[in-house]
């Protein structure tokens, strides 16, 4: 067996260092590419979620306008509260169908009355103190979601 000289050790060390450098450089390039790809995919997904949310809000506002206009016509016509109740329940059923049963809810309230379908109202519940009621009043006739 031949004995290794110092120059052999230097050559082996240099080759090892070159291979190590290539491995580290290649790995960092791959990691950078993966990070960049993840950022791009994340940005695209975030944009898709943002668009989906905006579409959902637009649909909610459109539905709300339609329901509110119908309810306002009934209120202006001075129909009995039972008629308004039936209208709100029909609108909730329609919204459930249109939204694959993920509808937020459909309800209405005025001073001294509220119609909230399928809600077991606690004794201390007052619609006029709720955020949705106060927000709707504060919006001065504009859509409040």
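Numbering (this note's numbering), first residue to last: -5 to 139. The C-beta atom is built at its ideal place from N, Cα and C for all residues, glycine as well. All values reported here derive from a predicted model rather than from experimental measurement.
Out of the options, state which residue places its alpha-carbon closest to the alpha-carbon of residue i.
i: residue 60; options: 15, 43, 100; result: 100
i: residue 141; options: 0, 9, 89; result: The shown model of the chain, from -5 to 139, leaves out residue 141, and the question about it has no answer.
i: residue 106; options: 3, 122, 94; result: 122
i: residue 102; options: 0, 86, 40; result: 86
i: residue 104; options: 21, 65, 15; result: 65
i: residue 142; options: 54, 29, 63; result: Beyond the ends of the chain as shown, which are -5 and 139, falls residue 142; an answer cannot be given.
i: residue 135; options: 112, 63, 72, 38; result: 63
Looking at residue j and residue i, is the spacing between their C-beta atoms short of 8 Å?
i: residue 110; j: residue 78; result: no
i: residue 81; j: residue 91; result: no
i: residue 130; j: residue 119; result: no
On the CB-based measure, 16 or more other CB atoms within 10 Å of its CB, does residue i come out buried or exposed?
i: residue 11; result: exposed
i: residue 3; result: exposed
Based on DSSP bridge pairs, tell me the residues matched to residue i.
i: residue 109; result: 102
What do you reckon, is the C-beta of residue i under 7 Å from a heavy atom of the ligand GDP?
i: residue 85; result: This structure does not include the ligand GDP; it has no bound ligands of any sort.
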